[in-house]
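Participant:
There are 2 protein chains.
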Amino acid sequence: MIFYPGGEHLASWRLPGAQPERYLDVGYYRDFARTAERGGFATLFIADELYVWDRYRSGIDHVVNIRTEPFTLLGALSQVTEQIGLAATVSTTYNEPYHVARKLASLDFLSSGRAGWNVVTSASDEEAWNFGRDANLDHTVRYRRAQEFIDVVEGLWDSWDDDAFRYDKESGYFADASKLHRLDHRGEFFTVRGPLNIARPPQGRPVLFQAGASEAGRALAGATAEAVFTLDPGGHKAAQALYDDYKARARANGRDPDHLKVLPALSPIIGETTKQAEEYLDLVEELTPDRLSLDWLSHYLQFDVSSHPMDEVFQPDLSAPTNQVQSVHAQIKRLVGVGRFTLRQINRAMLRSRFLVGTPDTIADFIEKRFTGGAADGFMLAFSSIPVGVEQFVELVVPELKKRGVYTGEYRGTTHRENLGLPVPRSRYG
Amino acid sequence: MIFYPGGEHLASWRLPGAQPERYLDVGYYRDFARTAERGGFATLFIADELYVWDRYRSGIDHVVNIRTEPFTLLGALSQVTEQIGLAATVSTTYNEPYHVARKLASLDFLSSGRAGWNVVTSASDEEAWNFGRDANLDHTVRYRRAQEFIDVVEGLWDSWDDDAFRYDKESGYFADASKLHRLDHRGEFFTVRGPLNIARPPQGRPVLFQAGASEAGRALAGATAEAVFTLDPGGHKAAQALYDDYKARARANGRDPDHLKVLPALSPIIGETTKQAEEYLDLVEELTPDRLSLDWLSHYLQFDVSSHPMDEVFQPDLSAPTNQVQSVHAQIKRLVGVGRFTLRQINRAMLRSRFLVGTPDTIADFIEKRFTGGAADGFMLAFSSIPVGVEQFVELVVPELKKRGVYTGEYRGTTHRENLGLPVPRSRYG
Chain A
83 MIFYPGGEHL ASWRLPGAQP ERYLDVGYYR DFARTAERGG FATLFIADEL
133 YVWDRYRSGI DHVVNIRTEP FTLLGALSQV TEQIGLAATV STTYNEPYHV
183 ARKLASLDFL SSGRAGWNVV TSASDEEAWN FGRDANLDHT VRYRRAQEFI
233 DVVEGLWDSW DDDAFRYDKE SGYFADASKL HRLDHRGEFF TVRGPLNIAR
283 PPQGRPVLFQ AGASEAGRAL AGATAEAVFT LDPGGHKAAQ ALYDDYKARA
333 RANGRDPDHL KVLPALSPII GETTKQAEEY LDLVEELTPD RLSLDWLSHY
383 LQFDVSSHPM DEVFQPDLSA PTNQVQSVHA QIKRLVGVGR FTLRQINRAM
433 LRSRFLVGTP DTIADFIEKR FTGGAADGFM LAFSSIPVGV EQFVELVVPE
483 LKKRGVYTGE YRGTTHRENL GLPVPRSRYG
Chain B
83 MIFYPGGEHL ASWRLPGAQP ERYLDVGYYR DFARTAERGG FATLFIADEL
133 YVWDRYRSGI DHVVNIRTEP FTLLGALSQV TEQIGLAATV STTYNEPYHV
183 ARKLASLDFL SSGRAGWNVV TSASDEEAWN FGRDANLDHT VRYRRAQEFI
233 DVVEGLWDSW DDDAFRYDKE SGYFADASKL HRLDHRGEFF TVRGPLNIAR
283 PPQGRPVLFQ AGASEAGRAL AGATAEAVFT LDPGGHKAAQ ALYDDYKARA
333 RANGRDPDHL KVLPALSPII GETTKQAEEY LDLVEELTPD RLSLDWLSHY
383 LQFDVSSHPM DEVFQPDLSA PTNQVQSVHA QIKRLVGVGR FTLRQINRAM
433 LRSRFLVGTP DTIADFIEKR FTGGAADGFM LAFSSIPVGV EQFVELVVPE
483 LKKRGVYTGE YRGTTHRENL GLPVPRSRYG
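From first to last, the protein sequence lines stand for chains A and B.
Just add 82 to wherever you are in the first sequence, counting from 1, and you've got the working numbering.
Just add 82 to wherever you are in the second sequence, counting from 1, and you've got the working numbering.
(1) Name, in chain order, the residues that DSSP records as bridge partners for Arg268(B).
(2) For Asp250(A), list the residues DSSP reports as bridge partners.
(3) So is Thr175(A) buried or exposed if we call it buried at 16+ other beta carbons inside 10 Å?
(4) Under three-state DSSP, which class holds Met462(B)?
(5) For Leu433(B), name the three-state secondary structure that DSSP assigns.
(6) Pro98(A): which of Pro98(B), Lys251(B), Asp245(B) and Val108(B) sits nearest, CA to CA?
(7) Do you know whose CA, among Gly503(B), Ser375(B) and Ala303(B), lies nearest Ile414(B)'s CA?
(8) Grouping DSSP H, G and I as helix and E and B as strand, with all else coil, what is Ser389(B)?
(9) List the residues of chain A that Arg139(B) touches, going by C-beta distances under 7 Å, in chain order.
(10) Check Leu290(B) in the structure and name its three-state DSSP category.
(11) What three-state label does DSSP hand Ala301(A) in the structure shown?
(12) In or out: Ser466(B) buried (at least 16 other Cβ within 10 Å) or exposed?
(13) Take Ser194(A) and list the residues in its own chain whose beta-carbon comes closer than 6 Å to its own, dropping the five residues that flank it on each side.
(14) Kindly indicate which three-state DSSP category Ile148(A) falls into: helix, strand or coil?
(15) Look at the Cβ atom of Ala115(B), then the Cβ atom of Thr154(B), and state whether they are nearer than 8 Å.
(16) What residues in its chain sit with their C-beta under 8 Å from that of Gly512(A), if we drop five residues either side in the sequence?
(17) Please classify Lys357(B) as buried or exposed, where buried requires at least 16 other C-beta atoms within 10 Å of its C-beta.
(18) Can you grab the Cα-Cα spacing for the pair Arg452(A) / Thr355(A), in whole Å?
(19) May I have a chain-ordered list of the beta strand (DSSP E) segments no shorter than 3 residues that lie completely inside the region 346-390 of chain A?
(20) Is DSSP giving Ala197(B) helix, strand or coil here?
(21) When the cut-off is 8 Å and only beta carbons count, does Val223(A) lie next to chain B?
(22) Work out the CA separation of Leu156(B) and Leu126(B) for me, nearest whole Å.
(23) Residues of chain B with CB under 9 Å from Gln161(A), in chain order?
(24) Please name the residue in His411(B), Pro391(B), Asp393(B) and Met392(B) whose C-alpha comes closest to that of Asp399(B).
(25) Quick check: does the Cβ of Thr175(B) come within less than 7 Å of any heavy atom belonging to the ligand MG?
(26) State the beta-bridge partners of Val310(A) as determined by DSSP.
(27) Taking C-beta to C-beta, are Phe396(B) and Leu425(B) nearer than 8 Å?
(28) Pull up the distance between the alpha-carbon of Arg331(A) and that of Arg184(B), whole angstroms please.
(29) Going along chain C, which residues have a C-beta under 9 Å from His144(B)?
(30) Please classify Ile166(B): does DSSP put it in a helix, a strand, or coil?
(31) Contact check, Gln406(A) vs Leu302(A) under 8 Å by CB: the rounded distance?
(32) Cβ of Arg287(B) within 8 Å of Cβ of Tyr328(B)?
(33) Entirely within the region 100-157 of chain B and at least 4 residues each: give me those alpha helix (DSSP H) ranges in chain order.
(34) Beta-carbon separation of Gly141(A) and Asp377(A) under 8 Å?
(35) When you compare only the Cα positions, how much space is there between Lys261(A) and Gln161(A)?
(36) Would you mind telling me which residues of chain A sit closer than 7 Å to Leu219(B), beta carbon to beta carbon, in chain order?
Put into C-alpha cells, the structure is as follows:
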C-alpha cells in the first residue's frame with residue numbers, strides 16, 4: 083500500500099474517520115500498518131516530497147503539508163510491526179548515495195530484512211530551492227543521475243562480503259580484510275570512494291521500487307527496478323500493453339521478467355452498494371474547495387488556470403513538453419484534448435479516474451481480471467481514506483479475494499523480498 | 083552516555099561480556115538503553131562517522147568499522163525506550179540542512195520530545211572522499227559552515243508557529259497561512275528557501291550538543307550549543323578553568339550561562355578494588371595489538387609512526403598546525419613534549435588518561451568533586467565496556483551518588499530539555 087499522511091486525495095483529511103491531528107504521531111501509522119499486516123500486505127510505502135506546497139495560498143490553507151521524514155518513521159515502525167515491508171521515497175536528485183546506502187542498510191538490519199526504497203527523481207522546482215539550486219534539473223539529466231545513483235548505492239551495499247565478519251575475540255580479528263571492497267566510483271555526478279561502514283544488508287539489497295512512466299523512467303525501471311508502480315493507462319488492454327512493455331524491457335536488459343513486478347496503483351472507494359460508493363466519491367469532490375482544484379491543475383500545467391471559469395470549456399494549448407510529472411500531465415492533456423470539458427468536468431474526470439468505485443464484489447472483479455489477465459503482478463493500494471479505507475479493504479475485499487483463490491492473505495516468508503517473490507541479489511564481487 | 087557500538091576503546095569489542103555480533107541488532111541498543119534509563123541517564127548519544135577506517139590494514143582487521151545510521155536507529159529506539167533523550171552526531175560538512183532539520187524534528191515527534199543532535203564538522207579526509215571531495219574542508223571553513231548550518235536548521239524549525247495547525251474538517255482549513263514563515267536564506271554555504279514540511283518540534287528545538295575544543299569550536303559552542311562535551315584537560319583546576327571559559331563565552335553572547343551545560347567525558351573502569359580495576363585496564367591494553375596502536379597514532383599525527391620501535395623514546399616535531407581533531411592531537415603533543423616517553427609509554431598514558439580507574443567509591447569522589455567544585459554540570463559517560471560497564475555504573479556508582487545527594491537518579495520531566503534543565507527556545511518569529 084502507498085500513501086500520503088492523510089490519504090490519496092487533497093481532501094482526504096476532511097473525510098469522516100480521518101485523524102489529521104495524528105499525522106506526526108507514530109501511533110497513527112502503527113495502527114493502520116497493523117491492519118495492513120492482518121490483510122497480508124507485502125509493503126507499507128511512505129511517499130515523500132522535500133517541500134511545502136506554498137506556491138498557492140490554497141495549498142497552505144487546505145492541504146496536508148506536514149509529514150515525518152520517512153526513514154526515521156520507518157525506523158520507529160520497524161519496532162511496532164512484525165511482517166510488513168517498509169519502503170519510502172528517496173530522491174536521487176537531492177541526496178548523496180553514501181547517506182542513502184547507509185540508512186537503507188540500517189533499516190534492513192533493524193527490521194530484519196524488511197526494507198525497500200522507491201527511487202524518484204523529484205519533479206518540483208520547490209525542492210530545488212531547498213537545496214541550493216535555482217531550478218530542478220532537466221528531466222533527462224535527472225534520470226541519468228538516478229541511474230548512476232542506484233549503481234553507487236548498490237556498489238556500496240556490496241562493500242563487505244556476506245561472510246566478512248569474524249567477531250573473533252580470541253585472535254582479535256573483527257573482520258577479514260580480504261573480504262572488504264572499495265568502490266572507487268568516479269562518474270558524471272558522483273565521486274564515492276567507499277567502502278560503506280555497515281555490513282551487507284540481510285536482503286542483499288533492500289527492494290528497489292520505481293514509478294517513472296516516461297520513456298526515461300521506463301528505461302530505468304527495465305534496467306534496475308524490482309517493482310514498478312504504474313498509473314492506469316485506461317482500460318484492460320492498455321494495462322496489459324503497459325505490463326508487457328515493462329516485462330519486455332526487463333528481458334531486453336538480460337533480466338528475468340518475473341523479477342520486475344508490475345504493480346498498478348489502485349485507489350478503491352468501497353461501498354455496500356454502488357450507490358453508497360458513488361456518494362462517497364461525491365463527498366470527496368464536495369470537500370475539495372474549487373480554488374484548491376484550480377491551483378492543483380495550475381501546478382501540474384505550470385501556468386495559472388485560476389482565472390478560467392469553472393463551468394466553461396477549457397482548451398489551452400498543451401503541446402509544449404513539460405518538466406512536471408509526465409503521467410499526470412499526459413492525463414490532463416488527454417482530457418483537454420476531448421475538446422468539450424469544462425474545468426469542473428476535467429477535475430471530476432481526474433478524480434474519477436484515480437478511484438475505483440464499487441462494492442467489495444466489483445472491486446474484487448477488477449483485481450481478479452487484471453491479475454489473472456496478465457496486467458498486474460499485484461497492486462499498490464492508495465486509500466482515499468485512512469484508516470477507514472484500509473480497514474474496509476482488509477475486512478471486505480481481502481476475504482472475497484481469498485474465496486476466489488487469487489490471493490492468500492498470508493505472508494510467504496519473513497523478508498520483504500520473500501513476500502514479493504523476489505530473489506536475493508548476489509554481490510557484484512561474487 | 084556516549085558510545086561507539088563496541089565501547090570507548092578500539093579493543094572494547096574483545097572484552098568479556100562484549101557482544102560484537104549484535105552491533106547491527108536493535109536489541110543490543112535497546113537492552114543497555116533500558117539499563118541507562120534505570121539509572122536516570124538524560125541522554126543516549128550515538129557517535130557517528132561517515133567512513134570505514136581502512137587507511138591501515140590493522141584498522142580493518144581489528145576495529146569495529148560497522149554501525150547503523152544513527153537516525154534510523156534512534157527512530158527504532160524511540161519505540162522501545164521511555165524516557166532517555168536520543169541524540170546523535172550530525173556532520174555539518176557532509177549534510178544538507180533541510181534533510182537534517184526534517185529528521186531531527188521527526189525524531190522529536192516520534193519520541194515525544196526526546197531528540198538531540200551533536201554538531202560535528204568532521205575531521206577525516208576519508209569522509210570527504212565518500213562525498214565527492216578530494217580532501218576535507220579547512221578547519222576554519224568547516225566551523226563557518228557549521229555556524230551557518232545551525233542557523234539554517236533552527237530557522238527551518240521555526241517555519242510553522244506552534245499554533246499554525248487548525249485541522250478543521252468543517253471549514254476545510256488545515257493550517258493558518260499567516261502562521262507559516264519562509265526562511266529565504268542565502269549565505270556563504272547554503273541557499274535554502276524553506277519552509278520546512280513538518281511542524282515545529284515538541285521541544286521547540288531538539289537539544290544542541292557540541293564538542294569542539296579548538297578556539298573555533300569553543301566560539302561556536304559559546305554562541306549556539308546547549309551542552310558541550312569536553313575532554314579532561316588534566317586536573318581539577320584546569321577542568322574548572324575550561325568550565326569557566328565555556329560559561330564566559332555563553333555570557334559574552336548574551337546568553338544565560340546555565341543554558342550551556344558543560345559535560346566532561348568520563349570513561350570509568352570500575353572494580354571492587356582498585357587492584358581489580360587496574361587489572362581491567364591492563365586487559366584493555368593487552369587486547370590492543372601493537373600494530374593497531376601505532377596506526378592509531380599515525381592517524382592522529384597524520385604521518386606514519388609504525389617504523390618507530392615501540393620501546394624507544396619518541397620525539398618527532400609536532401609544531402605544524404593540524405587539520406585533525408584538535409584535542410587528541412594536543413594531548414599527544416603534550417606527552418611527546420615530556421621528552422622521555424617511548425611509543426609504548428605514550429600509548430599507555432593516552433589509554434590511562436582516557437579512563438578513570440577505581441572503585442565505585444573513588445569514582446563517586448571524582449564525580450562529586452568536579453560537580454560540586456564548579457567543573458562540571460554533568461558527565462558524558464563513555465564506557466570502556468558495553469553492556470557490562472553500563473550495568474556496573476547503574477548498579478554500583480549511581481546508588482553511591484544518590485546517597486551523597488549529588489544525583490537523584492530520577493527523571494525531572496518528560497522531555498530531553500526538561501531532564502537536562504534547559505528551557506524551551508522561542509521561535510525567531512515571536
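Note that the Cβ used here is the ideal one computed from N, Cα and C, for glycine as well.
All values derive from a computational prediction rather than experimental measurement.
Facilitator: By the coordinates alone:
(1) Walking along the second sequence from the start, residue 268(B) turns up at place 186. DSSP, once it has assigned bridges, lists Thr273(B) as partnering Arg268(B).
(2) Translated into the one-based positions of the first sequence, residue 250(A) becomes position 168. Paired residues: Tyr255(A).
(3) As a position in the first sequence, residue 175(A) is number 93, starting the count at 1. Thr175(A) should be labelled buried.
(4) If you number the second sequence from 1, residue 462(B) lands on position 380. Reduced to three states, the DSSP call for Met462(B) is strand.
(5) Residue numbering aside, residue 433(B) sits at position 351 when the second sequence is read from its first letter. Correct three-state label for Leu433(B): helix.
(6) Taking the first sequence and counting its residues from 1, one reaches residue 98(A) at position 16. Measuring from the Cα of Pro98(A), the nearest candidate turns out to be Lys251(B).
(7) Position 332 of the second sequence, counted from the first residue, corresponds to residue 414(B). Taking only the C-alpha atoms, the option nearest Ile414(B) is Ser375(B).
(8) On the second sequence, residue 389(B) is found 307 positions in, with the first residue counted as 1. Correct three-state label for Ser389(B): coil.
(9) Position 57 of the second sequence holds residue 139(B). What Arg139(B) touches in chain A: Ala259.
(10) By 1-based counting over the second sequence, the position of residue 290(B) is 208. Correct three-state label for Leu290(B): strand.
(11) As a first step, residue 301(A) is located in the first sequence; it is residue number 219 there, counting from the start. Helix.
(12) Counting from 1 along the second sequence, the entry for residue 466(B) is found at position 384. Ser466(B) should be labelled buried.
(13) For the purposes of this step, residue 194(A) is taken as the residue at position 112 of the first sequence. Nothing meets the Cβ criterion.
(14) Position 66 of the first sequence, counted from the start, is the residue given in the question as residue 148(A). Ile148(A) falls in the coil class under three-state DSSP.
(15) The count along the second sequence starts at 1 and reaches residue 115(B) at position 33. The count along the second sequence starts at 1 and reaches residue 154(B) at position 72. Contact: no.
(16) One-based indexing of the first sequence puts residue 512(A) at position 430. There are no such residues.
(17) The sequence position of residue 357(B) within the second sequence is 275, counting from 1. Exposed: under 16 other Cβ atoms inside 10 Å.
(18) Stepping through the first sequence from its first residue, residue 452(A) is reached at position 370. Stepping through the first sequence from its first residue, residue 355(A) is reached at position 273. The alpha-carbon atoms of Arg452(A) and Thr355(A) are separated by roughly 22 Å.
(19) 350-352
(20) Here the question's residue 197(B) lines up with position 115 in the second sequence. It is a strand residue.
(21) Counted from its first residue, the first sequence places residue 223(A) at position 141. With 8 Å as the cut-off, Val223(A) does not count as an interface residue toward chain B.
(22) For the purposes of this step, residue 126(B) is identified with residue 44 of the second sequence, where counting begins at 1. For the purposes of this step, residue 156(B) is identified with residue 74 of the second sequence, where counting begins at 1. Distance between the alpha carbons of Leu126(B) and Leu156(B): 9 Å.
(23) Position 79 of the first sequence, counted from the first residue, corresponds to residue 161(A). Val108, Arg112, Gly157, Ala158, Leu159, Ser160, Gln161 and Val162, listed in chain order.
(24) Indexing the second sequence from 1 puts residue 399(B) at position 317. Comparing Cα-Cα distances from Asp399(B) to each of His411(B), Pro391(B), Asp393(B) and Met392(B), the minimum goes to His411(B).
(25) In the structure shown, the ligand MG is absent, as is every other ligand, since no ligand is present at all.
(26) Locating residue 310(A) in the first sequence gives position 228, where the first residue counts as 1. According to DSSP, Val310(A) bridges with Gln292(A) and Val344(A).
(27) As a working mapping, residue 396(B) is identified with position 314 in the second sequence. As a working mapping, residue 425(B) is identified with position 343 in the second sequence. For Phe396(B) and Leu425(B), yes; Cβs fall inside 8 Å.
(28) Numbered from its first residue, the first sequence carries residue 331(A) at position 249. Numbered from its first residue, the second sequence carries residue 184(B) at position 102. Their backbone Cα atoms lie some 37 Å apart in a straight line.
(29) Given the protein chain composition of this structure (A and B), no chain C is represented.
(30) Working through the second sequence from its first residue, we reach residue 166(B) at position 84. Correct three-state label for Ile166(B): coil.
(31) By 1-based counting over the first sequence, the position of residue 406(A) is 324. By 1-based counting over the first sequence, the position of residue 302(A) is 220. Incorrect: roughly 18 Å between the Cβ atoms, too far for contact.
(32) As a first step, residue 287(B) must be located in the second sequence, where it is residue number 205. As a first step, residue 328(B) must be located in the second sequence, where it is residue number 246. No, the pair does not count as a contact, with Cβ atoms beyond the cut-off.
(33) 108-120 and 139-144
(34) By 1-based counting over the first sequence, the position of residue 141(A) is 59. By 1-based counting over the first sequence, the position of residue 377(A) is 295. The answer is yes: Cβ separation under 8 Å.
(35) For the purposes of this step, residue 261(A) is identified with residue 179 of the first sequence, where counting begins at 1. For the purposes of this step, residue 161(A) is identified with residue 79 of the first sequence, where counting begins at 1. Their backbone Cα atoms lie some 31 Å apart in a straight line.
(36) Numbered from its first residue, the second sequence carries residue 219(B) at position 137. Going along chain A, no residue has its Cβ under 7 Å from Leu219(B), so there is no contact; the nearest lies around 16 Å.
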